[in-house]
Amino acid sequence: MSNKCPACGFDSGVNYNHSREILMMLSTKPERTIKYIKKLATEIQQNVPSEYNAKSYFFFLKGIEEADNRIVERAIEHYLRAGYHLQAKGFAYVKAMINNEKTNSAKKLENEYKRLGRTPKIVKLKGDENG
């Protein structure tokens, strides 16, 4: 009988081949998202010594498995641009950014409208459309 954690994928009864599992999870993502994830993994593993292992990478991918690809790409880009990897914030930090994005997206949009306003309505003029 397997005791598999639904959140992180850990199975106490099986020895995982994390590299194989990582390749299987990445194969379900679009090429653009894979490119972002690989860039992230390289930067984190070079700058955060405690994250230089396949197990951390696997748990990160397992945690963002259900996330929208656009949110993943946007969060990774923000993480890299802000230099959080240079502050030793690893996979768990990015995973939290990605998973919290869905929760915060409605409020972010509302605040963006407050800050920037809305675009004007498109008004069709009556009359000849050709000239």
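Residue 280 in the numbering used here is what sits at position 39 of the sequence shown, and the numbering runs on without skipping anything.
The beta carbon of each residue, even a glycine, is placed where N, CA and C say it ideally should be.
Just so it is clear, the structure is predicted and the values come from calculations on it, not from any experiment.
How should residue i be labelled, buried or exposed, when 16 other C-beta atoms within 10 angstroms of its C-beta is the threshold for buried?
i           : result
residue 265 : exposed
residue 313 : buried
residue 320 : buried
residue 278 : buried
residue 274 : buried
residue 292 : buried
residue 327 : exposed
residue 363 : exposed
Please classify residue i: does DSSP put it in a helix, a strand, or coil?
i           : result
residue 245 : strand
Alpha carbon to alpha carbon, what distance is there between residue j and residue i?
i           : j           : result
residue 294 : residue 365 : 58 Å
residue 280 : residue 287 : 11 Å
residue 244 : residue 256 : 12 Å
residue 315 : residue 283 : 17 Å
residue 353 : residue 345 : 12 Å
residue 368 : residue 323 : 51 Å
residue 357 : residue 350 : 10 Å
residue 276 : residue 348 : 29 Å
residue 268 : residue 336 : 19 Å
residue 329 : residue 290 : 8 Å
residue 307 : residue 359 : 31 Å
residue 355 : residue 361 : 14 Å
Check whether the Cβ atoms of residue i and residue j lie closer than 9 Å to each other.
i           : j           : result
residue 304 : residue 248 : yes
Of all the options the options, which has the alpha carbon lying nearest to the alpha carbon of residue i?
i           : options               : result
residue 246 : 300, 316 and 278      : 300
residue 270 : 252, 309 and 285      : 309
residue 311 : 339, 334 and 359      : 339
residue 297 : 334, 368 and 324      : 334
residue 325 : 361, 285, 272 and 290 : 285
residue 342 : 317, 329, 355 and 359 : 317
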